[in-house]
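Undergrad: Here's a structure for you.
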Amino acid sequence: MRILTIETSCDESAISLTESDSSDFDGTQFSKISVLGDTIYSQAALHAEFGGVYPNLAKREHSKNLVPALEFVLSQAQELQRVATPEIEKERLDLIKEILNREQELFARLLMFFAQYSTPQIDAIATVSGPGLAPALWVGVNFARALSVAWDKPVIKINHMEGHIHSSLFPDDLKIEPGADLRLKKIQYPALALLLSGGHTELVEIQEPLRYRKLGQTLDDAVGEAYDKVARLLGLSYPGGPEISRLSDEFEQSGTEKNEKISLPRPKLHDDDLDFSFSGLKTAVLRLVQDLGGAESLSEDIKMQIAYEFEMAVQDVILKKLQRAFEEGNYKTLLFGGGVSANRRLRDELKEFAKQEGTEFLLPPMALTGDNSLMSALVAHNKAQILKEKAFVKQENLQAESSWELD
Ligand code: KG4
Ligand code: ZN
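See the structure below:
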């Protein structure tokens, strides 16, 4: 099966065309998929100016990026074929116009596309319909609906967090190039997924394929959000994760002793549950920075120490909660996903933790830690294989679901 997958939940416009062969389905999941085309248009640099993702800017950029991204991916897959006369009749174009009446730029670009190119050889369109930023999600959802009408293909809706869970199944030495066959890692059930991103912090139990149960989550800020906010307090740029992480590594490598005044709380460390809270940690950094005379007066050395202490606080809480989860459940696989899974320290610590627990640890290749469409493409192939026709939704029933919960 060939699936075109669209991702616009936040500030990346991503599209991929992937192919699966049912003989590679092992009863629970695909052991291999092929990438025919793939691209990510990142808006991170644009949003950096605002110190975070600005929803209406994200919407506008998705509207601008999606058609060029589609053309690129189809051309990689050798599916961008010119036509002498347009294939899409007026009735369908009228319906597409209606679907895209709030995305004028996208509609104009799509009209040009349909006038030039034929219907590609694909079987379905998958789109991430939630969770995420509503204005951003709507663009991808309406784009998928428009393509579904134009090409008469069914749609599969994908949960963004389910995508992040599956990012850890891609090979560690991943090379994304047209025609690449990707051998996938396998989940042993029951499994536990730790999802840390800009909008989510969750522990999710997976008893069997496509069945998820949330065991715990943040009561306020997500880990990625805390990283971004603390970075701002220290005068660092967006996204904050890589910046904090770099400073913290530098401090560790310097071998100097930490000033004992630079100490932060470990929120909910001793609470008897699997929930998290990070807004207090952020506030503690704010107080610390104020006590030290404000961000402008902080030396590079002090910033490094704060970054390190912040990372240690986050790490302590996460490891403790994981330990608690493993006391209650006998998980055979631990999966790590979400933008924060790029964090070197957490990757190392979780690997060590899993070793001690005697559980298999799967983590995404660095190229798939952030938002991308390949992770959701894999979910789409598995869903189509397991659920058959039930995997498909009618395009008219598709909508953005900005708070779509996994379970
Ligand atoms: O999954 P993602 O790309 O987007 C959402 O769905 O939210 O996650 C983005 C988050 C940002 O908050 C960013 O600061 C964080 O992931 N992040 C990191 C690192 N790289 C990105 N956090 C900690 N360490 C990193 N190396
Ligand atoms: Zn994400």
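Residue numbers (our numbering): 119 to 525. Note that the Cβ used here is the ideal one computed from N, Cα and C, for glycine as well.
Just to confirm my understanding: we take G456, look at its own chain, exclude 5 residues before and 5 after, and list those with CB closer than 6 Å. What are they?
TA: Cβ neighbours of G456 beyond the five flanking positions: H282, L313, L314 and S315.
Undergrad: Check whether the stretch 377 to 384 and the stretch 314 to 334 touch, using three or more Cβ-Cβ pairs below 8 Å as the test.
TA: Verdict: no, contact absent.
Undergrad: Ordered along the chain, which non-local residues of its own chain (more than five positions away) have a Cβ less than 7 Å from that of Q199?
TA: Result list for Q199: Y235 and S236, in chain order.
Undergrad: With respect to the beta strand (DSSP E) encompassing I217, which residues constitute its N-terminal and C-terminal limits?
TA: Here I217 belongs to no beta strand (DSSP E); instead the alpha helix (DSSP H) covers K208 to I217.
Undergrad: Quick one, which of I305, A226 and V185 has its alpha-carbon nearest Q147's?
TA: Taking only the C-alpha atoms, the option nearest Q147 is I305.
Undergrad: Counting Cβ pairs, one atom from each stretch, are 3 or more of them under 8 Å apart for the stretch 128 to 135 and the stretch 470 to 481?
TA: No: the two stretches stay apart, fewer than three of their Cβ pairs being nearer than 8 Å.
Undergrad: Where does I294 fall in DSSP's three states?
TA: Coil.
Undergrad: Quick one: Cα of V511 to Cα of E467, how far?
TA: Using only the alpha carbons, I get a separation of about 41 Å.
Undergrad: Assuming the contact rule is C-beta atoms closer than 8 Å, R463 and S355 should be a hit. Round their C-beta distance to whole Å, please.
TA: Wrong, their Cβ atoms sit about 20 Å apart, outside the cutoff.
Undergrad: With a threshold of 6 Å (Cβ to nearest heavy atom), would D142 be considered close to the ligand KG4?
TA: Not under cutoff, so the answer is no.
Undergrad: Can you find a heavy atom of the ligand ZN that lies under 6 Å from the Cβ of D489?
TA: At least one heavy atom of the ligand ZN is nearer than 6 Å to the Cβ of D489, so yes.
Undergrad: Starting from G281, trace the beta strand (DSSP E) both ways and give me its first and last residue.
TA: Careful: G281 lies outside any beta strand (DSSP E), inside the alpha helix (DSSP H) at H278 to S285.
Undergrad: Figure out for me which residue from L213, T319 and L255 has the closest Cα to the Cα of S520.
TA: It is L255.
Undergrad: Does the Cβ of G342 lie closer than 6 Å to at least one heavy atom of the ligand KG4?
TA: Yes, the beta carbon of G342 sits closer than 6 Å to at least one heavy atom of the ligand KG4.
Undergrad: Helix or strand or just coil, what does DSSP make of G398?
TA: In the structure shown, G398 sits in a helix (DSSP, three-state: H, G or I).
Undergrad: Closer than 6 Å: is that where the CB of S315 sits relative to any heavy atom of the ligand ZN?
TA: Answer for S315: yes, Cβ within range of the ligand ZN.
Undergrad: Find the nearest neighbour of D270 within the set G297, V246 and D241, judged by alpha-carbon distance.
TA: Of G297, V246 and D241, the residue nearest in Cα terms is D241.
Undergrad: Cutting at 7 Å between CB atoms, please list the residues of its own chain near V259, excluding the five before and the five after it.
TA: Once the five neighbours on either side are set aside, the close Cβ partners of V259 are T245, S247, L516, Q517 and A518.
Undergrad: For A202, which of F231, N219, W522 and A460 has the nearest alpha-carbon?
TA: Checked all of F231, N219, W522 and A460; the closest Cα to A202 is F231.
Undergrad: For N277, is the beta carbon positioned less than 6 Å from some heavy atom of the ligand KG4?
TA: For the ligand KG4, not one heavy atom lies less than 6 Å from the Cβ of N277.
Undergrad: For the pair the stretch 154 to 162 and the stretch 175 to 187, tell me if three or more CB-CB distances fall below 8 Å.
TA: Result yes; three or more Cβ-Cβ pairs closer than 8 Å.
Undergrad: Check whether the stretch 331 to 348 and the stretch 395 to 407 touch, using three or more Cβ-Cβ pairs below 8 Å as the test.
TA: Yes, they touch.
Undergrad: From the DSSP secondary-structure annotation, give me the bridge partner or partners of K271.
TA: BP columns for K271 are empty, so no partner.
Undergrad: Could you have a look at E137 and say whether DSSP puts it in helix, strand or coil?
TA: Strand at E137.
Undergrad: Taking only runs that begin and end inside the stretch 231 to 265, name each unbroken beta strand (DSSP E) of 3 or more residues, in chain order.
TA: List check, beta strand (DSSP E) in window: 242 to 248.
Undergrad: Report, in whole angstroms, the separation of the C-beta atoms of P272 and Q194, which I expect to be a contact under 8 Å.
TA: Incorrect: roughly 23 Å between the Cβ atoms, too far for contact.
Undergrad: What alpha helix (DSSP H) runs, 4 residues minimum, are completely inside the stretch 355 to 414?
TA: Whole alpha helix (DSSP H) segments, 4+ residues: 358 to 372 and 397 to 409.
Undergrad: Does the distance from the C-beta atom of T126 to that of A495 stay below 7 Å?
TA: Not closer than 7 Å, so no.
Undergrad: Considering only C-alpha positions, which residue in the set L229, I217 and N490 is nearest to V257?
TA: Comparing Cα-Cα distances from V257 to each of L229, I217 and N490, the minimum goes to I217.
Undergrad: Note down, in chain order, each residue of its chain lying with its Cβ closer than 8 Å to the Cβ of L175, except the 5 sequence neighbours on either side.
TA: Contacts found: Q161, L164, H165 and F168.
Undergrad: Have a look at K350 and V407 and give me their C-alpha separation to the nearest angstrom.
TA: Reading off the sequence shown, one finds Arg at residue 350, where the question assumed Lys. Cα to Cα, the separation comes out at about 11 Å.
Undergrad: Taking the straight line between their C-alpha atoms, what separation do you get for L505 and N461?
TA: In a straight line, the C-alpha of L505 is about 35 Å away from that of N461.
Undergrad: For the stretch 460 to 519, list the beta strand (DSSP E) runs that are entirely contained and at least 3 residues long, ordered along the chain.
TA: DSSP runs (the beta strand (DSSP E)) wholly in the stretch 460 to 519: 478 to 480.
Undergrad: Once the 5 residues before and after R465 are set aside, which same chain residues still bring their CB inside 8 Å of it?
TA: So the list reads F454, S459 and L481, once near-sequence residues are dropped.
Undergrad: Should the stretch 364 to 371 be called in touch with the stretch 421 to 436, which here means at least 3 C-beta pairs below 8 Å?
TA: Because the criterion of three Cβ pairs below 8 Å is met, the stretch 364 to 371 and the stretch 421 to 436 touch.
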